[in-house]
Amino acid sequence: MSSSKHRYRITVTPIEANGLPSSGRCTIEFEQRSPQNWMHQLEYAQSQRRLSCNDVTSMVVATGLLENLAASARDNDNLLSLLQPELDGLLAKLAQLHPAD
Numbered sequence: 001m002s003s004s005k006h007r008y009r010i011t012v013t014p015i016e017a018n019g020l021p022s023s024g025r026c027t028i029e030f031e032q033r034s035p036q037n038w039m040h041q042l043e044y045a046q047s048q049r050r051l052s053c054n055d056v057t058s059m060v061v062a063t064g065l066l067e068n069l070a071a072s073a074r075d076n077d078n079l080l081s082l083l084q085p086e087l088d089g090l091l092a093k094l095a096q097l098h099p100a101d
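Going by my numbering, the first residue of the sequence shown is number 1, and it counts up by one from there.
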């Protein structure tokens, strides 16, 4: 794992059935840092053609977010520490679906 951090801006915009942004709804946006290169992981997973593009993207982003939550949960003072065993188990299962390149 590289010691450099990659930064990602994650934006969630509600959309209507026609694909246009929902009126009256706000966009959720936040920044996430990760030692992993999500773009490289995404490209590798898509080249395997085992899942749809949406599923691959969801899996890569969700795994990155869960890895960061699991890292926070390792601190016993963190409220998320109660979830540590479940987070580790879920990450292990996701790793089986998305083997590292």
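Quick reminder that beta carbons are idealized off the backbone N, C-alpha and C, glycines included. Just so it is clear, the structure is predicted and the values come from calculations on it, not from any experiment.
Suppose contacts are defined by Cβ-Cβ distances below 8 Å. Is Leu69 in contact with Leu97 by that definition? No, the Cβ-Cβ distance between Leu69 and Leu97 is not below 8 Å.
What is the rounded straight-line gap between the Cα of Arg104 and the Cα of Gln46? This structure cannot settle anything about residue 104, because the visible part of the chain is limited to 1 through 101.
Can you check which of these residues, Gly89, Ser58, Cys26, Phe30, is closest to Trp38 by C-alpha distance? Of the candidates Gly89, Ser58, Cys26, Phe30, the one whose C-alpha sits nearest the C-alpha of Trp38 is Ser58.
Under 7 Å Cβ to Cβ from Leu42, same chain only, skipping five residues before and after it: list those, please. Once the five neighbours on either side are set aside, the close Cβ partners of Leu42 are Val56, Thr57, Val60.
What number of angstroms, rounded off, separates the C-alpha of Ala73 from the C-alpha of Ser81? So the alpha carbons of these two residues sit roughly 4 Å apart.
Ranges of the alpha helix (DSSP H) found wholly within the segment 24-73, counting only runs of at least 4: Runs found: 38-48, 53-73.
Alpha carbon of Gly89 to alpha carbon of Ser22, nearest angstrom: Distance between the alpha carbons of Gly89 and Ser22 is about 36 Å.
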